[in-house]
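When the letters of the sequence shown are read in order and numbered with the working numbering, they come out as residues -2 to 413. Built from N, CA and C at the ideal position, the CB exists for glycine as well. Before any comments, here is the structure.
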Amino acid sequence: MNQRIGSQPLPPPPPPPSSTLGRTNSNSHITAPKTTEIQNPSVPRPPATSNMQVKSNRPQRSAGQPSLEHIIRKAYDQGYSDIHLGVGEVPRMRDRGEMALADYPKTDLNTFMSWIHEVLTDEEVAQFQRELEFDGATQYEFARVRINIFDALQGPALVMRLIPLKILTMEQLGLPPVFQDISDAHKGLILVTGPTGSGKSTTMAAMVDYINKTHAKHIITIEDPIEFVHQSKRSLIKHREVGINTRKFDNALKAALREDPDIILVGEMRDRETVNTALKAAQTGHLVMGTLHTNSAIKTIERILTLYNAEEQDAMRVAISESLVAVISQGLCRTTDGKRAAYHDIMVNTETVRDYIKQGKYDEIHTLMQNGEFDGMITTNQALFSLYEDGRITEETALEMSPTANEMAMMLRGRI
């Protein structure tokens, strides 16, 4: 089936009975339905295996095109982290941080539509038609898959993150002992930060797994969508997914305070209301764990403060300083053996760090981190230099990943 890609709209697929993507002459590729039934959040989504058979009145894959399950399984077996599919494009995989073309034909619209019907309900397809974006997750017997679908100039596209069902331990990830010390905290705020694809979720899952095995706690997670699924061990764990188990993230977070939690995992700290509620929970005796897309511990504090007006920031510095347990910023870099290694920027909220946060003295905090090995602190440059000394990364990689390349160069030449 020949499809024109670019500024011209693609021809519409054969019309299904209810909801599918349709091409129009408007700027959008998607025709939104006039009315959409809202999915009952109390009814769990069917697993991926229950949706594998495509009904006859739904779009069919073109000849020679694999099923979505086949693509996902093969990508998982080959160790890829992400799958990128889009109309008019050859599928691509992310292999250790690099994008690589897959050995599949270009994706046509009917095939794309058949793929999303494998993993989405009719209501979710209708939601995508209405919103032009969709976030969700599904699970196979070998992996959990985070799903993001969006409309683009060339046509609809699908990105999937592959999440192993087996949760790696701190020991398997090679995390330093300070991670256990941080996870042993009874109250306060723990932030795990880093760019997309830096392994934040994997690290946080290992921390929750450690708590689950060693402490008798009640843990509530609120995510959009759920990534790693924990089975209760010593701890009781309840997972809530926005859009499935709760209608709004903020509602679930506020409700969690009335559900006798010891620990609340809130996923991304995306706005001031989330930060306010998380700080309130931390200040009232709960341990709160969250993530941010920041590249260093100090920038994490600065990023939170930007959510507030200038006249509010002094009070927020005090609130953060009194609630914070630690900030762990993480990145991934390619190693000399072709794999990837994590490096960390860790700030533990000691008494001195607490005072400097209140005063906004971030340069002094950085110096404390450089000299805070006893408390488990480390800077990004120190972590990269350690990997270089161990022969795991090259000098070029250390310089490329460093936030301050001049300082890194001096360390590599023995001047610091």
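Looking at the DSSP output, Val189 bridges to Thr288 and Ile325. For Leu396, the enclosing alpha helix (DSSP H) starts and ends at Glu392 to Met398.
Here Thr166 is exposed, its C-beta having fewer than 16 other C-beta atoms within 10 Å.
Rounded to whole angstroms, Glu138 and Ile354 show a C-alpha spacing of 46 Å. Under a 10 Å Cβ-count criterion, Gln356 is classified as exposed, with fewer than 16 other Cβ atoms of the shown protein chains found around its own Cβ. Using a 10 angstroms sphere on the CB of Pro102, the tally of other CB atoms stays under 16, which defines it as exposed. Ranking Gln310, Asp178, Phe109 and Met313 by CA distance to the CA of His212 puts Asp178 first.
Contact annotation: Arg158 and Arg141 have beta-carbon atoms that are not nearer than 7 Å. Per DSSP, reduced to three states, the secondary structure at Tyr340 is strand.
For the alpha helix (DSSP H) assignment, the uninterrupted runs of no fewer than 4 residues enclosed by the region 215 to 300 are, from N- to C-terminal side, 246 to 253 and 269 to 280. For Ile164, there is no enclosing alpha helix (DSSP H), as DSSP marks it with neither H nor E. Separation of the CB atoms of Met344 and Ile362 is rounded to 7 Å, and the pair is thereby assigned contact status at 8 Å. Scanning the region 97 to 126 for uninterrupted alpha helix (DSSP H) segments of 4 residues or longer gives 106 to 116, listed from N- to C-terminal end. Per DSSP, Ala380 is one residue of the alpha helix (DSSP H) stretching across Thr377 to Glu386.
With respect to Asn107, Pro56 sits close: the two C-beta atoms are nearer than 7 Å. In the DSSP assignment, Asp311 falls within the alpha helix (DSSP H) that extends over Ala307 to Ser320.
Annotated three-state conformation of Ala213 is coil, per DSSP. By the criterion of at least three beta-carbon pairs nearer than 8 Å, the region 209 to 228 is not in contact with the region 300 to 313. Taking a C-beta distance under 7 Å as the contact criterion, Thr291 and Thr190 qualify as a contact pair. Taking C-beta separations shorter than 6 Å and ignoring five residues to either side along the sequence, the partners of Phe382 in its chain run Met408, following chain order. DSSP, read as helix, strand or coil, puts His183 in coil. Here the region 264 to 278 makes contact with the region 287 to 306; the two share three or more CB pairs at distances below 8 Å. The three-state reading of DSSP puts Ala203 in helix, counting H, G and I together. Between Arg244 and Ile217 the beta-carbon gap is near 16 Å, outside 8 Å, which marks them as no contact.
Excluding five sequence positions before and after Leu98, the CB atoms of its chain that fall closer than 7 Å to its own CB belong to Val87 and Arg89, given in chain order. DSSP, read as helix, strand or coil, puts Asn403 in helix.
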